[in-house]
Structures are given as C-alpha cells and as structure tokens.
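*Asks:* Each residue of the sequence shown is one higher than the one before, starting from 2 at the first, in this note's numbering.
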Amino acid sequence: MYWCKIAQTEHEFDEIAKLNYETFVEEIPQHEPNPSGRRVDAFHHENMYLVVLKDEELVGMVAFRDVRPFSLDKKIGPVEKLLPADALLGKLCEVRLLAVKKEHRNGRVFFMLTRALIDYAYENGYGAAVISGTVREEKLYMQMGFEAFSEPVGTDDAKFIPMVLTTERYEKSLAGRFKQRRYSFYPGPVQLTDAIQAPLLKTPVSHRSYSFSRTIGQVRSKLEALSGARYAHLLLGSGTLANEAMIAQLTKLSGRGLIVTNGAFGERLQKQAERWHLEHDWLRYDWGQSFNEAELESILKQSDFEWLLMAHGETSTGMLNNLEMVQNLCEKYNVKLCMDSVSSFGTYRFSMEKVFIATAVSGKAVGTMSGIAVVFSNHVIAKSEQLPSYIDLGNYSNHNIPFTYPAQLMESFNNALLAYTEGNRYDLLQTRYKKLQQAAIDGDLTFLTTEGYPMIVTLKADESLTSMADAAAMNGFHLHYESAYLKERGWVQISIIQPDFDEAWERFKKWYSKYKEYRKLKC
C-alpha cells in the first residue's frame, strides 16, 4: 500500500539522504560523489519533507522551503517579477527536491506527492510553489500541474525550467483528475445525500406561500414527535443562535441558575450566560469528567436555584452527560432543566418531555446543512419587548413565520427528518457506533471517555495524535482535530454521521493499521 506522511524521524531523514544521493548524484550529475552514499540538502534544516511509502519503505519525497532567497531567485532574479498574478495571492514556497525510486516511478506515486504538497501548502497559507524542473521530465511536471513561467536555465548536462504550481493548476492537471477519493469524519458540515440535496437545487418559493407554510408545519410536527417536547421554534441560524435564544429566555425568570460544565461547549454556554448578565453559579468539572450525582444533589438541595443549564452531548470530549440523572434531580428540587442538545438530538432516542427548554439544529446528526436553529419548549412562550426581536421565541410561537426562511433548506430539513420518522436512522448510527466501540475493545483505539454516544468519539494517547491526523489527511481521511481546543490537548475525533461512514471506516482502519505498524518499526 502506498501512503503519505510528513518526514519526522532520523530514520526517515537518513532514507531521504540516500534517495537524494541516488537521484541527484548518481542519476542527475548535480553533485560530486562521496563514500557515504548520502546527500543532505544544503537547506535541510529549513526544508519540509513530504514522503510516500510503500508499506514501510520510503520510495519518494518532495522537499520545499519558504526562506528567501530561493535557488530560482539566484538564477533568474526575484521570481515575483515573472510569476503570473494568480500565483501571488499567498505565500510562496520553493520545491527544492523531488525524487522517487526508479522501481516506483509510476503516476500514482508522483500524483500522491503532488496532492500532499497541494494540501499542505493550501492549509498553511501558500498561494504557489515554484520549482526548477528538469527539461527531460517536463511532461511529468506538467501532468502534476506545474507550468513554465520562464525560459530554461542551467548547463546542457543539467538544464532546468522555472515552473509554478497552484491549486487551480493542479485541479486542471492530469494529477488533479486522478486524485484519490477523500473521506470526512467531521461532526459537521455533513455531506448531503441525493434526497437531502435535491431540494437545494429547486427554484426558490416564498416563505409566505402555502407551500412553505405546509413544509415548515411538517418539520415542526416531526421535531415535536421525535423530541417529546410540546413546541418546536425554528429560527434561521446555527446551533449557537439556538442557544442564544434559549439563554435569552432565562432572563425572563426571576431566580438564580446553576450552569454545569465538563467541556468546551458547556463552557461556551456559561460565557453566553455571562453576556446576558444572568445570575448563576458555575459547577465546573474537568473536561471528560462525569457529573457527580451526590455533589450535584447537595448543591441543588442547599441552594434555591430556579434553573439548571448544561450541554447534553459534549462534542469536545465525545461525552454524553447523564440526562436521566440530572432530570430526576431537577424534578426532585423543582428546578427548570435547560439543555444544549445540538450535538445529541438525532443520535439516539431520548425524551424532552420533562425539559424546560432545549436546542437542536438542522445539521449534525440529522444530516442536512446547518442553518435552521431549533428551540424546544414545553410551555407557550410569550413575546417580550425586552429581547431582540430575532431571538425572541415569542415571535415564533403559534406557528408564526415572522421572518425570512430559505424554502429549499426547510424542505431539505424535512427530507432529512424522514430518516427518523420513516427510516432507521437511530439504528444506523448505533450500528456505526458499535464498530468504534469494537475497535476500542480490540485495542485499536483508545477513547477519552467510555460515556459516549452515537455521534462522535475522542481519541487519546500518551502522545499527541496531531501527527497521525496530519498523515491521515494526506491519505484522504479527514479526522476532526483542527479546533483550537483539540490541538491544545493533542486529541483527535472521529464522527460517524457522514453518509459514507461505513466505507470510510473500513478504508481508514486499513490505513491506520499500516500507520501504527510503521510507527512501531521505524520510530
């Protein structure tokens, strides 16, 4: 199996030096021979190396740097004076070395190197890469997406063409047309199935039309049936807007509240509550730590709280907080339970019948585009002159349509909900989740918490998993790890909500097994 990664170990750098010698001393007479059989680039410590391996063997590499002057600057002057305008829209880097072992010089290896270079450059703010391409390999460079931007330079024995590569040029190239399929394990946005995407391509209809009124009514009915809540209020916006509207309702209550958190999204709720100047206490647990029932009961028993606010599914850790326990305590001490269920709604069956107010969104587990914020309640919400009109849920009560909605998105949301009311979405997600649980049982993965739910898991290890996730991305597997709170902790997440998860998971398992085997042998 061919696969890519960033070179990081001394073993890899030694293999690169051997490949450099074979290519740039023995094959292309750029440098004098030496008895070591290795050639270390003059700018080795400034270079970034991307490599292709065949199982455990390093068979190809591309090295680039962004420190000026480039070697091309020395040959033709500042490259900016000759580059096309579209190549100057970001930082520049120079490909110093591109080499593949003779027995592996096939389109697949070169194309994988190009894809890895493009992905890395794009993610790190580079607009273009320049290279001194050998004249005899001009056709290959063009197939990879490089274009000449100046006349050839050098001697007859080693003549080079100044060439440039951009994302747009790559996409139009042969390499771009034959790029590998890519799989997403993101918890959103969700790739859309044909049935969910189809309404988005329709001609828009007015949100004042009977057709739209019928669609939004169907969505409300489905949401109320699935949640067990009496009322579903629909706003145009993200899950954060839904939480903002929920918290705004708490300003209408006279009593003090308790906010319980154990992750990033619970803490976001607390920050939102502070902005509304809500009187509250904050019970803050470590990320991934379960709510302590005895402690929580003691606090509720000793204090006169009117409401409690929590995140149900804590996406940042992959943890499902114990709704039944918190709900029972709130009922026992006459406390109104308010809940961010943006990440948990649609993942498994649970009832909001005893919840005061809760939130969800059209994206995430439900499976369409995010953009419709949902706030559930079990009481009729009246208008309030003290709240901004857009997030005043009273404006949305009694089936009102107070503001503009995109009809296509509402129909897409309606279609997505059919997977629950007429399909087996819950069972599908549970089956997928069991696959991840089995991987943990087999020792292939280690979860941050065992108190998870069928939406996302957080992986942990003794060392940061960021390097693994970087390598996975180069091989077509996009894990969730780029949020600041994940990078800070070296955590990586896998979500099961994408339509092609089953295929993606089988392919990722095969790659990850190879990656771990390589790490044991070479690190």
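Idealized CB from N, CA, C, for every residue including glycine.
1) Closest to LYS337 by CA distance: which of VAL327, GLY364, VAL362 and TRP308 is it?
2) Closest Cβ-Cβ distance between GLU23 and chain D: below 8 angstroms?
3) At which residues does the beta strand (DSSP E) containing GLU58 begin and terminate?
4) Name, in chain order, the residues that DSSP records as bridge partners for CYS94.
5) So, are the CB atoms of GLY453 and GLY256 less than 8 angstroms apart?
6) What's the gap between the Cα of TYR397 and the Cα of LEU166?
7) Please determine if the segment 204-220 and the segment 402-416 are in contact, where contact requires at least 3 C-beta pairs separated by less than 8 angstroms.
8) How long is the line joining the alpha carbons of GLU124 and GLY368, rounded to whole angstroms?
9) Can you name the residues that DSSP bridges to ILE495?
10) What's the call for GLN328, buried or exposed, on a 16-neighbour Cβ count within 10 Å?
11) Output the residue ranges of the beta strand (DSSP E) runs that lie fully inside the segment 5-71 and measure 3 residues or longer, sorted by chain position.
12) Given a cut-off of 8 angstroms on the beta-carbon distance, is the pair TRP492 and TRP4 in contact?
13) Keeping to the same chain, check which residues put their C-beta closer than 8 angstroms to that of ASP74; ignore five residues upstream and five downstream.
14) Could you tell me which of GLN250, VAL362 and SER222 sits nearest to THR241, measuring between CA atoms?
15) For the beta strand (DSSP E) that contains ARG285, what are its first and last residues?
16) According to the Cβ coordinates, are SER345 and PHE266 closer than 8 angstroms?
17) Quick check: PRO500 and TYR349, are their CB atoms within less than 8 angstroms of each other?
18) Identify the continuous alpha helix (DSSP H) that holds THR115 and give its terminal residues.
19) Mapping the DSSP letters down to three states, classify MET370 as helix, strand or coil.
20) Spatial neighbours of GLU354 within its chain, please: CB distance less than 6 angstroms, with the 5 preceding and 5 following residues excluded, ordered by chain position.
21) Taking only three categories from DSSP, how would you classify TYR513?
22) Whose CA, out of ALA176, LEU324, ASN401 and ASP463, lies closest to the CA of ASN107?
23) Using DSSP bridges, identify the partner residues of LEU141.
24) Among the residues of its own chain, which have a CB less than 8 angstroms from the CB of LEU466, if the five just before and after it don't count?
25) Let me confirm a value: HIS234 is counted as buried when at least 16 other C-beta atoms fall within 10 Å, else exposed. Which label applies?
26) Does the pairing of the segment 127-134 with the segment 90-99 give three or more beta-carbon distances under 8 angstroms?
27) Could you tell me the distance, in whole angstroms, from the CA atom of THR194 to the CA atom of MET311?
28) Does the beta-carbon distance from ASN379 to VAL356 come in below 8 angstroms?
29) With H, G and I counted as helix, E and B as strand and the rest as coil, what does DSSP make of ALA159?
30) Excluding five sequence neighbours on each side, which residues of the same chain lie with their C-beta closer than 8 angstroms to the C-beta of PHE179?
31) Report yes or no: do three or more beta-carbon pairs, one from the segment 215-228 and one from the segment 420-435, lie closer than 8 angstroms?
32) Where PHE14 and GLY372 are concerned, what is the direct C-alpha to C-alpha distance, given to the nearest angstrom?
33) Classify GLY258: buried if its beta carbon has 16 or more other beta carbons within 10 angstroms, exposed otherwise.
34) Take THR115 and list the residues in its own chain whose beta-carbon comes closer than 7 angstroms to its own, dropping the five residues that flank it on each side.
35) Would you list the one or two residues that DSSP bridges to VAL191?
36) Starting from the C-beta of GLU296, find all residues in its chain whose C-beta is less than 8 angstroms away, skip the five residues before and the five after it, and write them out in chain order.
*Replies:* Concretely, from the data shown:
1) TRP308
2) The structure shown contains no chain D, having only a single protein chain.
3) 58-66
4) ALA130
5) The Cβ atoms of GLY453 and GLY256 do not sit closer than 8 angstroms to each other.
6) 52 angstroms
7) By the Cβ criterion, the segment 204-220 is in contact with the segment 402-416, since at least three pairs of Cβ atoms, one from each stretch, lie closer than 8 angstroms.
8) 26 angstroms
9) VAL458
10) GLN328 should be labelled buried.
11) 49-55 and 58-66
12) no
13) VAL80
14) VAL362
15) The continuous beta strand (DSSP E) containing ARG285 extends over residues 281-285.
16) Between SER345 and PHE266, the CB-CB gap reaches or exceeds 8 angstroms.
17) In this structure, TYR349 does not lie closer than 8 angstroms to PRO500 by Cβ.
18) 108-124
19) coil
20) GLY229.
21) helix
22) Considering only alpha carbons, the answer is ALA176.
23) Beta-bridge pairing links LEU141 to no other residue.
24) LEU460, TYR482, GLY491, TRP492 and VAL493
25) buried
26) yes
27) 32 angstroms
28) yes
29) coil
30) GLY108 and PHE112
31) yes
32) Straight-line measurement puts the Cα of GLY372 at about 47 angstroms from the Cα of PHE14.
33) buried
34) MET145, GLY146, TYR171 and ALA176
35) VAL191 is not bridged to any residue.
36) LEU284
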